[in-house]
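Asker: First the structure, then my questions, so here it is.
Residue numbers (UniProt numbering): 1 to 338.
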């Protein structure tokens, strides 16, 4: 199975650059978390350079980093608010959870895109800098993300949010896992009785550990082996990230949201996923179980492309299309998922 030609050419160039850079500074052999974190930080810097020219005028939005206090510490969220002549105006909100295997990555990789989305769709965005494993293992990334949603509700007035106009969550990869999980947790939490989620955007999510595949869907979950040596996320790398996150049971629904007893009543979902991704079939199964539970869904598949390709090659037309599709997906959810 061949890669998308535009991405394949960019990948070859990227690999040549990495090889040249490592010639005098060899990278550690095997999986190294410090290297993984540095690579994702570099991807964030490159992505911001690519999207800098697309940023809306500074007069059209404000942004501020806010501190969220939790029982055992604190973390930050970046809040972007569209500007308005009406100082009392309120907006729908999108809370976003970054990817990085629960152990790497940061909100800055999505920062510029969320600013663009905020102004174009006139929504407040809350970009969550949840604490990372292994320093803060399971369930801290999840509980921090839930705390960020509660903080958003509690501080709605000060950040110009009205959740009745739209309360959407989304995230990529590990952030997609947090999204799919929180869609169930928020549904069941009395705190959100008057502030239900109205949409979710799980992008290339994890919904099951390979060692916890249910018999019913084992025949559908073949991408983990088909794409075990994928260019941007190999099976071995995925399993190492899971081991750092360290959930106590692989079938714990707080890690594998497939195992929630019911999927009925969760928010409508717009799902994005890639054909050459070991997580491809997680997205397929997620959409299937949501539809079976009567949840409205919409999805986009990117043929011949691997996991998170758009973060590593943001200059490509197909990478920009993913972002445009995300905007359109949020727009669909804001319209009530018709």
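For each residue, glycine too, the CB sits at the ideal point set by N, CA and C.
No experiment lies behind these values; they were computed from the predicted model shown.
Let's see if you can read the secondary structure: which residues bound the alpha helix (DSSP H) around residue 241?
Answerer: Per DSSP, residue 241 belongs to the alpha helix (DSSP H) from 235–245.
Asker: Cα separation between residue 43 and residue 315?
Answerer: 12 Å
Asker: Is the beta carbon of residue 95 closer than 8 Å to that of residue 390?
Answerer: The structure shown does not extend to residue 390, since the chain is modelled only from 1 through 338, so no value can be given for it.
Asker: Check each candidate in 246, 118, 65, 311 and name the one with the smallest Cα separation from residue 84.
Answerer: 118
Asker: Looking at residue 113: is its Cβ nearer than 8 Å to the Cβ of residue 61?
Answerer: no
Asker: Hey, residue 100 and residue 40 are a contact pair by Cβ (cut 8 Å); roughly how many whole angstroms apart?
Answerer: 5 Å
Asker: Which runs of the alpha helix (DSSP H) at least 4 residues long sit entirely within the region 28–91? Give them in chain order.
Answerer: Complete alpha helix (DSSP H) runs here, min 4: 33–51.
Asker: Rounded to the nearest angstrom, how far is the Cβ of residue 291 from that of residue 329, given a contact under 8 Å?
Answerer: Residue 291 to residue 329, Cβ: 16 Å. No contact.
Asker: Any idea if residue 204 is buried or exposed, counting beta-carbon neighbours within 10 angstroms, 16 or more meaning buried?
Answerer: Label assigned to residue 204: buried.
Asker: At the level of alpha carbons, what is the spacing between residue 191 and residue 2?
Answerer: 48 Å
Asker: Contact check, residue 368 vs residue 120 under 8 Å by CB: the rounded distance?
Answerer: The requested residue 368 is not part of the displayed model; the chain covers only 1 to 338.
Asker: Where do the ends of the alpha helix (DSSP H) carrying residue 170 lie?
Answerer: Taken as a continuous stretch (DSSP letters only), residue 170 belongs to no alpha helix (DSSP H), being part of the beta strand (DSSP E) at 167–172.
Asker: Tell me the DSSP secondary structure of residue 270 in three-state form.
Answerer: strand
Asker: Need the endpoints of the beta strand (DSSP E) that residue 129 sits in, please.
Answerer: 124–129
Asker: Can you find the residues in the same chain that come closer than 6 Å, C-beta to C-beta, to residue 293, ignoring five residues on each side of it along the sequence?
Answerer: Same-chain partners within the cutoff: 263, 264.
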